[in-house]
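Numbering (UniProt numbering), first residue to last: 1 to 230.
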């Protein structure tokens, strides 16, 4: 029910339900509410959900990253910087994103900015082509999703080299045109990649299915089965 209320943007109702539960809310419940607060830009309630989640999972990066993204979307850069400092103080490291794709019964894994694959040169060439075509479609990288303090141009490069995009680029050059791509990722797909992948399905005329830590995403013809809620 918390998820249903959250999906509908009824965040106060979701919070009331949590308060009425006969047992303490789990990390999953607070994570669901926090994700909805990010989507619906309810910073005040998001701060509460993040605080609860951090108390349950103090060394897990999810709450810190979601709250940081929420502050960035609201233009609250000072608060975002404090979250980064808090992560450093608590020695919380953002888990490295890793994506997997199976081609001809062989599983290929990719980390962000990974160049260890034997076809790395071709993968990055395809990735560059995709990035150019994305921008021709009006895509603008949302660098708010990059936590690192670095130049804006470098942030765009970092986004373009997220693990799922490398897996997609490899899948596009390693399979016949029109073949659906199926990818798994250990973390939640960031909002920028979600936007980019929707456009990639239009550009490449492919279906792309990604199972991330949140849910299945079936991308096709410029949209996603999650309805942009995840």
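Idealized CB from N, CA, C, for every residue including glycine.
If you're wondering where the values come from, they're calculated on a predicted model, not measured in any experiment.
For a test of the three-state rule: what should DSSP assign to residue i, helix, strand or coil?
{"i": "residue 219", "result": "strand"}
{"i": "residue 184", "result": "strand"}
{"i": "residue 224", "result": "strand"}
{"i": "residue 211", "result": "strand"}
{"i": "residue 126", "result": "helix"}
{"i": "residue 52", "result": "helix"}
{"i": "residue 82", "result": "helix"}
{"i": "residue 104", "result": "coil"}
{"i": "residue 145", "result": "helix"}
{"i": "residue 189", "result": "coil"}
{"i": "residue 230", "result": "coil"}
{"i": "residue 206", "result": "coil"}
{"i": "residue 154", "result": "helix"}
{"i": "residue 25", "result": "coil"}
Could you pull the DSSP bridge partners for residue i from this structure?
{"i": "residue 98", "result": "111"}
{"i": "residue 168", "result": "BP columns for residue 168 are empty, so no partner."}
With 16 other CB atoms within 10 Å as the buried threshold, where does residue i fall?
{"i": "residue 21", "result": "exposed"}
{"i": "residue 30", "result": "buried"}
{"i": "residue 90", "result": "exposed"}
{"i": "residue 161", "result": "buried"}
{"i": "residue 115", "result": "exposed"}
{"i": "residue 28", "result": "exposed"}
{"i": "residue 132", "result": "exposed"}
{"i": "residue 8", "result": "exposed"}
{"i": "residue 222", "result": "exposed"}
{"i": "residue 163", "result": "buried"}
{"i": "residue 41", "result": "exposed"}
In whole angstroms, give me the CA-to-CA distance for residue i and residue j.
{"i": "residue 14", "j": "residue 154", "result": "39 Å"}
{"i": "residue 185", "j": "residue 16", "result": "33 Å"}
{"i": "residue 218", "j": "residue 141", "result": "21 Å"}
{"i": "residue 252", "j": "residue 51", "result": "Residue numbering for the chain in the displayed model covers 1 to 230; residue 252 lies beyond these limits and cannot be assessed."}
{"i": "residue 95", "j": "residue 59", "result": "11 Å"}
{"i": "residue 145", "j": "residue 85", "result": "17 Å"}
{"i": "residue 5", "j": "residue 119", "result": "45 Å"}
{"i": "residue 220", "j": "residue 204", "result": "10 Å"}
{"i": "residue 1", "j": "residue 143", "result": "33 Å"}
{"i": "residue 117", "j": "residue 11", "result": "44 Å"}
{"i": "residue 201", "j": "residue 38", "result": "25 Å"}
{"i": "residue 99", "j": "residue 208", "result": "13 Å"}
{"i": "residue 198", "j": "residue 216", "result": "14 Å"}
{"i": "residue 124", "j": "residue 214", "result": "27 Å"}
{"i": "residue 177", "j": "residue 71", "result": "40 Å"}
{"i": "residue 57", "j": "residue 69", "result": "18 Å"}
Take every Cβ of the segment 69 to 87, pair it with every Cβ of the segment 104 to 111, and state whether three or more of those distances are shorter than 8 Å. With a cut-off of 8 Å, the segment 104 to 111 and the segment 69 to 87 do not count as touching, because too few Cβ pairs lie within range.
Would you check if the segment 98 to 105 and the segment 67 to 75 touch, i.e. whether three or more CB-CB distances between them fall below 8 Å? Contact fails: fewer than three Cβ-Cβ distances are below 8 Å.
Three or more beta-carbon pairs under 8 Å between the segment 118 to 131 and the segment 176 to 194, yes or no? Counting Cβ pairs under 8 Å, fewer than three are found: no touch.
For the segment 188 to 200 against the segment 219 to 228, do three or more pairs of beta-carbon atoms, one drawn from each stretch, fall closer than 8 Å, so that the two count as touching? They touch, by the three-pair rule.
Can at least three beta-carbon pairs, one atom from the segment 132 to 146 and one from the segment 168 to 177, be found at a separation below 8 Å? These segments do not touch.
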